[in-house]
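Protein chains in written order, with the numbering used here: chain A, 1 to 95; chain B, 96 to 433.
Yeah, the Cβ is synthetic: ideal placement off N, Cα and C, and Gly gets one too.
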Amino acid sequence: MTDDSWPLFEVFLRGKRGLNHVHVGSLHAADAEMALHHARDLYTRRNEGVSIWVVRASDITASSPDEKDPFFKPSGDKVYRHPTFYDIPADVPHI
Amino acid sequence: MTEQDLEAHFAGTIEKMSRIEPRDWMPDKYRATMIRQIAQHAHSEIIGMQPEGNWITRAPSLRRKAILLAKVQDEAGHGMYLYGAAETLGADRADLTEKLITSRQKYSSIFNYPTLNYADVGVIGWLVDGAAICNQVPLCRSSYGPYARAMIRICKEESFHQRQGYELLMTMMRGTQGQRDMVKDAVDRTWWPSLMMFGPPDDASPNTDQSMRWGIKRHTNDELRQRFVDMTVPQAEKLGVTLPDPELRWNEARGHYDFGPVDWDEFKAVISGNGPCNAQRVARRKAAHDEGAWVREAALAHAAKVEGVKPQAVLDDQNQILQDDQSERLLATSEATQ
């Protein structure tokens, strides 16, 4: 690791209006503005995006796969949150 | 969870053809193998800019120059996607660059051959990128998620590379006898090195089994080499060039083209540093890195100076988001009142 390394940024792209920003990869840049320009050159050379977010990788808080089971457990036993949980007679229209 | 449980969970994920993601537990050897493979792939893209970059200033027209610039820029981009994927495994970017410029990590042997005439640009697109596509399409299903996603992006762009090369060669083949001779010269020099791009034959490739089990590799070297030959021969016929292999012929019984033996001694010599351009390629990469040091330092100093002040582009983007949100709310309100 040399002193002149730039920090890592994660890049998110909105492919077109009406869609969410989606993570596409990462890059190094000295600051956020440079990261935006690099992201444009790196991830949108063929009109892949209409809007870019960059965020320092070190600023992201992520859930860990180690705690995967307990972390997502609360939703595991709540089948009543899904529409298929409910029996509706076949002759009831539009439901 | 015990080490055994973790291993079983890892194996199960691969068994289900699901993807391993960055923060998942993985065997140390999987991580090391993956980092090595991705890094060597990234290095190949970066070094791969040089043979073609050689012809940018001498491209015969503005159209060809613009195409070549775009292609070389893509190679840089591919290198960046791949370094990014390697970093998700804990590799350090500066360290990877260091390993390349001190020759402690390898890159594809093909880039150690010179580009002696302009037709080499076309032949690289057709044969070298064609071979790369054969290698890379199965890697879009690699078990390691970030690598597979980078490969999908890369494969989309490689198709442009191959087609521009083939079109360039078609144009030259319609030209003068001198131009056709240039194409023949370039094809004669590049055909065998492109077959070597698939790596040593299966019986001399000890890691293939493990890599197939881990979903790092989906086909053996020889399978991919055969696939490339089968794809390329009809393209050569259409182009009107003869591939430099007297043993090349269709084998009805196998349903494949037979081809002559590859000179594996040459491959070993080139991969271990004794190809025509190894020293030159690494020296050029090292010079670019060293000469860029002041830029990296200056940009960091500038970033430190303006820290706390948000760059205009970030503010613009934030304003745009606010506007988007506002118009969405307005839309929702007007729909609700209808």
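What in chain A is Cβ-close to residue 415(B), meaning under 7 Å? 51
Name the chain B residues that come within less than 8 Å of residue 62(A), Cβ to Cβ? 118
Determine the contact status of residue 149(B) and residue 371(B), defining contact as a CB-CB distance below 8 Å. no
Using the Cα positions of residue 97(B) and residue 103(B), report the straight-line distance between them to the nearest angstrom. The alpha-carbon atoms of residue 97(B) and residue 103(B) are separated by roughly 10 Å.
Would you call the stretch 217 to 226 of chain B and the stretch 247 to 260 of chain B in contact, with 3 or more CB pairs under 8 Å? yes
Proximal chain A residues relative to residue 63(B), where beta-carbon distance stays under 8 Å: Since the first and last residues shown for chain B are 96 and 433, residue 63(B) lies out of range.
Check the Cβ-Cβ distances between residue 199(B) and every residue of chain A, and say whether any is below 8 Å. Residue 199(B) does not count as touching chain A.
Residue 11(A) lies in the alpha helix (DSSP H); which residues open and close that run? Careful: residue 11(A) lies outside any alpha helix (DSSP H), inside the beta strand (DSSP E) at 8 to 14.
Find out if the Cβ-Cβ distance for the pair residue 118(B), residue 243(B) is shorter than 8 Å. no
With a 10 Å radius around its C-beta and 16 neighbouring C-beta atoms as the bar for buried, classify residue 345(B) as buried or exposed. exposed
Taking DSSP as the reference, what is the three-state secondary structure of residue 352(B)? strand
Any beta carbon of chain B sitting closer than 8 Å to that of residue 59(A)? no
I want to verify the contact list: residues of chain C whose CB lies under 8 Å from the CB of residue 182(B), in sequence order. This model lacks chain C altogether, as its protein chains are A and B.
When you compare only the Cα positions, how much space is there between residue 7(A) and residue 343(B)? 52 Å
Mind pulling the chain B residues with CB within less than 8 Å of residue 19(A)? Here the premise fails: no neighbours, minimum Cβ distance about 12 Å.
Since residue 30(A) contacts residue 398(B) with CB under 8 Å, what's their CB separation in whole angstroms? Confirmed, about 4 Å.
Output, in sequence order along the chain, the residues in the stretch 146 to 177 of chain B whose CB is closer than 9 Å to any CB in chain A. Look at the stretch 146 to 177 of chain B: the residues with a C-beta under 9 Å from a C-beta of chain A are 165, 168, 169, 171, 172, 175, 176.
Does the structure place the stretch 180 to 194 of chain B close enough to the stretch 122 to 134 of chain B that three or more beta carbon pairs sit under 8 Å? yes
Name, going along the chain, the residues of the stretch 383 to 397 of chain B whose beta-carbon falls closer than 8 Å to a beta-carbon of chain A. 388, 391, 392, 394, 395, 397
Can you list, in chain order, the residues of its chain whose CB lies under 7 Å from that of residue 1(A), leaving out five sequence neighbours each side? Confidence is the limiting factor: at residue 1(A) the pLDDT is only 41, short of 50, which leaves the residue's position unreliable and the question unanswerable from this model.
What residue from 122(B), 382(B), 390(B), 364(B) has the CA that sits closest to residue 239(B)'s CA? The shortest Cα separation from residue 239(B) among 122(B), 382(B), 390(B), 364(B) belongs to 122(B).
Considering just the uninterrupted stretch of the alpha helix (DSSP H) at residue 228(B), what are its terminal residues? In the DSSP assignment, residue 228(B) falls within the unbroken alpha helix (DSSP H) covering 224 to 231.
Identify the contact partners of residue 77(A) in chain B, using a Cβ-Cβ distance below 9 Å as the criterion. Within chain B, no residue comes near residue 77(A); the closest Cβ sits about 21 Å away, beyond 9 Å.
Distance, Cα to Cα, residue 376(B) vs residue 382(B)? 10 Å
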